[in-house]
Amino acid sequence: MALVVKGIRKFYGKLEVINKISFKVRSGEFICIIGESGCGKTTLLKIIAGLEKPDEGSIEFSGEVRIGFVFQDDRLLPWRTAIENVLFAAKSFGMEDIKEAREILKLVGLEGFENFYPRQLSAGMRQRVGIARALVINPSILLLDEPFANLDAQTREKMQEEISKILENRTVIFVTHSIEEAVYLADRIVVLSPRPSKVFRVIPVNIGRPRDRTSVDFLRVKSKVRDALYKAKKI
Amino acid sequence: MLGLVLFLLCWYFISFLTHFPYPHLVLLRFLELLIIPESVLGKTLLQHTAASLCRVLVASAFAFSFAIPLGILSGWSRKFRSLFLPIIDSLRPIPPLAWIPLAYIIFARIPNTILISQLFIVFIGAFFPCFISVFDSARNTPKEFIEMARVFNADNKTILLDIILPHSLQGISTGIRVGLAVGWMCIIAAEMIATTGEGLGYFILVMYEVGGRVTEIVSGIAMIGIVGYALNNLLLSFEKVIIRWR
Chain L
167 MALVVKGIRK
177 FYGKLEVINK
187 ISFKVRSGEF
197 ICIIGESGCG
207 KTTLLKIIAG
217 LEKPDEGSIE
227 FSGEVRIGFV
237 FQDDRLLPWR
247 TAIENVLFAA
257 KSFGMEDIKE
267 AREILKLVGL
277 EGFENFYPRQ
287 LSAGMRQRVG
297 IARALVINPS
307 ILLLDEPFAN
317 LDAQTREKMQ
327 EEISKILENR
337 TVIFVTHSIE
347 EAVYLADRIV
357 VLSPRPSKVF
367 RVIPVNIGRP
377 RDRTSVDFLR
387 VKSKVRDALY
397 KAKKI
Chain Z
140 MLGLVLFLLC
150 WYFISFLTHF
160 PYPHLVLLRF
170 LELLIIPESV
180 LGKTLLQHTA
190 ASLCRVLVAS
200 AFAFSFAIPL
210 GILSGWSRKF
220 RSLFLPIIDS
230 LRPIPPLAWI
240 PLAYIIFARI
250 PNTILISQLF
260 IVFIGAFFPC
270 FISVFDSARN
280 TPKEFIEMAR
290 VFNADNKTIL
300 LDIILPHSLQ
310 GISTGIRVGL
320 AVGWMCIIAA
330 EMIATTGEGL
340 GYFILVMYEV
350 GGRVTEIVSG
360 IAMIGIVGYA
370 LNNLLLSFEK
380 VIIRWR
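Residue numbers (the numbering used here), protein chains in the order written: chain L, 167 to 401; chain Z, 140 to 385.
Now the structure itself:
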């Protein structure tokens with residue numbers, strides 16, 4: 167087990183955002199968290215990352231913890247080039263290695279763009295830099311907060327295909343509100359109910375990779391998730 | 140270009156109606172004053188300009204070396220802000236020129252009273268706009284960047300130097316430009332009140348006192364404008380080099 171989320175509850179003032187969320191993440195597992203907007207998905211990720219404290223419950227990690235985070239808005243520093251942004255993350259971990267940073271940028275498909283400033287890159291490319299920045303520290307757990315939400319549909323699919331390869335065998339928690347994205351990427355999908363959120367259902371996706379979005383299995387899981395989301399709203 | 144032509148036409152028109160010197164006469168006298176020492180003070184216009192400019196540059200540099208770190212710290216730390224900002228806010232509304240008489244008294248007992256007072260006034264004039272500009276941009280550093288840095292284990296020093304400081308560069312640049320412009324105005328005024336025997340403000344005042352030599356006065360004023368314009372543009376092109384990621 168890489169991490170256990172235990173009975174997390176969170177208030178913002180009087181507003182209860184998270185009622186009770188518990189689930190386990192195995193080592194090397196790709197978890198997608200899905201739920202409608204405003205249900206506290208981002209808050210949950212921030213709690214796991216240690217950026218916010220839960221009012222109840224705890225996060226338990228096993229072994230060394232090193233968290234890589236990919237933000238919905240890329241949060242690249244505009245005054246740093248792609249490679250400098252990657253190195254920024256590596257710095258505090260004492261891993262400032264230009265060769266390694268180059269290697270990671272190549273892995274996410276940005277070879278030749280190392281010295282471009284964020285404004286010179288497309289939204290998709292900026293998000294690739296964001297992924298490289300999270301990967302360069304060799305994270306034990308990777309948290310992604312709707313990283314593709316701001317991309318156009320085609321770029322989005324392409325990024326999903328690539329990330330599914332790049333993040334193979336990594337421990338990942340990926341927040342999304344796209345059902346198809348969750349089914350394409352996840353080993354297991356955690357469906358949250360609306361605010362104050364609970365874990366409504368955990369749906370395993372037992373489909374081999376690379377996944378075919380039009381296969382019967384794929385569509386069946388997709389409708390299962392849709393069904394769960396629909397029912398989650400009603401309770 | 141059209142604006143300049145229109146301006147000159149108006150000037151000619153006014154000169155035609157009044158005793159105000161014609162533009163071409165001012166230009167000739169201006170060029171003459173640049174290199175040939177003027178008879179009353181025995182110095183060229185360039186020497187006067189250099190004297191004023193040196194004072195402004197020294198005093199402003201001094202002001203900026205306080206205003207920039209203080210602005211960044213105030214923008215970054217709430218504690219520092221609550222300690223420091225009330226002092227700044229109560230002194231800031233006082234026009235720098237109001238300090239002139241006081242400054243001459245404060246520094247009366249030390250050598251070079253006049254020079255020190257002038258530097259002090261420019262310091263006051265340059266400090267506040269620079270501080271405010273830097274403070275503003277440091278404080279407006281997106282908290283998302285700071286959160287990102289925290290996620291990646293950055294310590295306070297890294298956040299200050301790698302996030303707040305670069306984000307504040309625009310504010311620093313604007314602060315330096317505005318600070319220098321205000322300092323430049325202050326030195327002219329300060330030189331008109333007491334003098335070390337040179338300086339643009341002093342030159343203009345003396346030209347007035349020896350009998351309203353309008354052509355010389357206008358030459359002096361033109362020089363003030365030219366230097367102000369040049370400083371501003373120099374700094375703007377410098378800014379483009381420094382902030383090259385935009």
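Glycine is no exception: its CB is placed at the ideal position from the N, C-alpha and C atoms.
Please name the residue in the options whose C-alpha comes closest to that of residue i.
i, options, result
"Arg322/L", "Ile303/L, Asn335/L, Tyr350/L", "Tyr350/L"
"Val365/L", "Leu395/L, Ile214/L, Pro244/L", "Leu395/L"
"Glu171/Z", "Pro240/Z, Phe205/Z, Glu355/Z", "Glu355/Z"
"Met167/L", "Phe227/L, Phe196/L, Glu218/L", "Phe227/L"
"Ile345/L", "Phe384/L, Ser193/L, Gln286/L", "Phe384/L"
"Val252/L", "Thr337/L, Ile303/L, Ile184/L, Ile373/L", "Ile303/L"
"Leu317/L", "Asp239/L, Gln286/L, Gly201/L", "Asp239/L"
"Ser193/L", "Lys388/L, Asp221/L, Asn335/L, Val387/L", "Asn335/L"
"Cys325/Z", "Leu308/Z, Leu300/Z, Ala242/Z, Glu286/Z", "Ala242/Z"
"Ile271/Z", "Trp238/Z, Gly210/Z, Lys379/Z", "Gly210/Z"
"Glu222/L", "Glu262/L, Ile174/L, Gly275/L", "Ile174/L"
"Lys390/L", "Arg375/L, Arg379/L, Pro376/L, Val371/L", "Val371/L"
"Pro268/Z", "Leu344/Z, Gly142/Z, Ser199/Z, Val317/Z", "Val317/Z"
"Phe259/Z", "Gly364/Z, Val357/Z, Tyr151/Z, Glu330/Z", "Glu330/Z"
"Ser188/L", "Leu211/L, Gly201/L, Gln293/L, Val170/L", "Val170/L"
"Val215/Z", "Asn295/Z, Val321/Z, Val345/Z", "First, the residue type needs correcting, since residue 215/Z is Trp and not Val in the sequence shown. Answer by Cα proximity: Asn295/Z."
Express the C-alpha separation of residue j and residue i in angstroms, rounding to a whole number.
i, j, result
"Leu145/Z", "Leu374/Z", "28 Å"
"Leu319/Z", "Ile227/Z", "19 Å"
"Pro313/L", "Trp245/L", "21 Å"
"Gln326/L", "Arg385/Z", "30 Å"
"Glu218/L", "Thr337/L", "21 Å"
"Asp353/L", "Leu212/Z", "47 Å"
"Phe254/L", "Ile174/Z", "54 Å"
"Gly351/Z", "Gln257/Z", "25 Å"
"Ser312/Z", "Arg231/Z", "20 Å"
"Arg383/Z", "Ile214/L", "37 Å"
"Ile404/L", "Phe377/Z", "Beyond the ends of chain L as shown, which are 167 and 401, falls residue 404/L; an answer cannot be given."
"Lys399/L", "Lys207/L", "15 Å"
"Leu148/Z", "Ile239/Z", "38 Å"
"Leu243/L", "Gly290/L", "16 Å"
"Met140/Z", "Thr297/Z", "48 Å"
"Leu339/Z", "Phe203/Z", "23 Å"
"Phe155/Z", "Ile315/Z", "41 Å"
"Leu276/L", "Glu266/L", "13 Å"
"Ala369/Z", "Leu196/Z", "14 Å"
"Cys205/L", "Ile332/L", "29 Å"
"Gly407/Z", "Thr188/Z", "Residue 407/Z lies beyond the residue range present for chain Z, which begins at 140 and ends at 385; the question has no answer from this structure."
In the structure shown, what three-state DSSP assignment does residue i receive?
i, result
"Lys186/L", "strand"
"Thr342/L", "strand"
"Lys180/L", "coil"
"Ile381/Z", "helix"
"Ile401/L", "coil"
"Cys198/L", "strand"
"Ile233/Z", "coil"
"Gly80/Z", "Past the edges of chain Z, shown from 140 to 385, lies residue 80/Z, and the structure says nothing about it."
"Arg392/L", "helix"
"Leu333/L", "coil"
"Arg175/L", "strand"
"Val366/Z", "helix"
"Val170/L", "strand"
"Val349/Z", "coil"
In its own chain, which residues sit with a C-beta less than 6 Å from the C-beta of residue i, not counting the 5 before and 5 after it?
i, result
"Glu414/L", "The displayed coordinates of chain L run from 167 to 401. Any statement about residue 414/L would go beyond what the structure contains."
"Ala328/Z", "Leu236"
"Val236/L", "Gly296, Ile297, Ala300, Leu310, Pro313"
"Phe159/Z", "Ile153"
"Ser191/Z", "Ile326, Gly338, Leu339"
"Tyr283/L", "Thr247"
"Arg278/Z", "Gly214"
Leaving out the 5 sequence neighbours to the left and right, which residues in its chain are closer than 7 Å to residue i when beta-carbon positions are compared?
i, result
"Arg367/L", "Val357, Ala394"
"Phe223/Z", "Leu209, Ser213"
Take residue i and list the residues in its own chain whose beta-carbon comes closer than 8 Å to its own, dropping the five residues that flank it on each side.
i, result
"Ile264/L", "Ile249, Leu253"
"Ala319/L", "none"
"Glu195/L", "Ala168, Thr337, Val338, Asp353, Arg354"
"Pro220/L", "Ile174, Arg175, Lys176, Ile184, Ile213"
Restricting to runs no shorter than 4 residues, where is the alpha helix (DSSP H) found entirely within the region 241-282 of chain Z?
252-278
List in chain order: all unbroken alpha helix (DSSP H) runs of 4+ residues lying wholly within the region 211-259 of chain L.
248-257
Which residue spans inside the region 337-389 of chain L form an unbroken alpha helix (DSSP H) run of at least 4?
345-351
Run through the region 275-331 of chain L for me and flag every whole beta strand (DSSP E) of 3 or more residues, listed as ranges in chain order.
307-311
At which residue ranges does the region 142-225 of chain Z contain complete alpha helix (DSSP H) runs of 4 or more residues, listed in the order of the chain?
162-174, 184-215
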